[in-house]
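Undergrad:
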Amino acid sequence: MNLNRDQAWKLLTEKMQNQNLRRHCLSVEVVMRALAKHFGGDEEKWGIVGLLSLLRKTLEITPNLWPIGCGNWAKRTPNY
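The working numbering applies: residue 99 is where the sequence shown begins, and numbers increase by one.
#1: Quick check on N100: does DSSP put it in helix, strand or coil?
#2: Out of curiosity, what's the CA-to-CA distance linking C143 and L124?
#3: For M114, which residues in the same chain have their Cβ closer than 8 Å to its Cβ, ignoring the five residues on either side in sequence?
#4: What residue range does the alpha helix (DSSP H) around N118 cover?
#5: Going straight from the alpha carbon of A132 to that of E141, what length do you get?
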């Protein structure tokens, strides 16, 4: 499953109500995009990973289940 930036932002804002955490995620997105550019990675994908960096805590998914848990949640949710 692939999310674009708009879908990732929608997911984040629906599940994360704390404005300070949202701002932190936006900052991490900027850093991840810069790192992707530096290392020749996909800036869009790296940015989305940064944007959703704290979503695991919000959804209470353990680190080893993060890819599965978030993916399963998104599949069950319309418009993702």
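Here a beta-carbon is modelled for each residue, glycine too, at the ideal position from N, C-alpha and C. For clarity, every value in this text was computed on a predicted model and none was experimentally measured.
TA: If we stick to the structure as given:
#1: On the sequence shown, position 2 is the one that residue 100 refers to. It is coil, neither helix nor strand.
#2: By 1-based counting over the sequence shown, the position of residue 143 is 45. By 1-based counting over the sequence shown, the position of residue 124 is 26. According to the sequence displayed, residue 143 carries Lys and not Cys. C-alpha separation (whole angstroms): 14 Å.
#3: In the sequence shown, counting from the first residue as 1, residue 114 sits at position 16. Excluding residues within five positions, the ones whose Cβ falls inside 8 Å are R120, C123, L152, L153 and T156.
#4: Along the sequence shown, one-based indexing puts residue 118 at 20. Where N118 is concerned, the enclosing alpha helix (DSSP H) stretches over Q117 to F137.
#5: As a working note, residue 132 is residue 34 in the sequence shown. As a working note, residue 141 is residue 43 in the sequence shown. So the two alpha carbons sit approximately 8 Å from each other.
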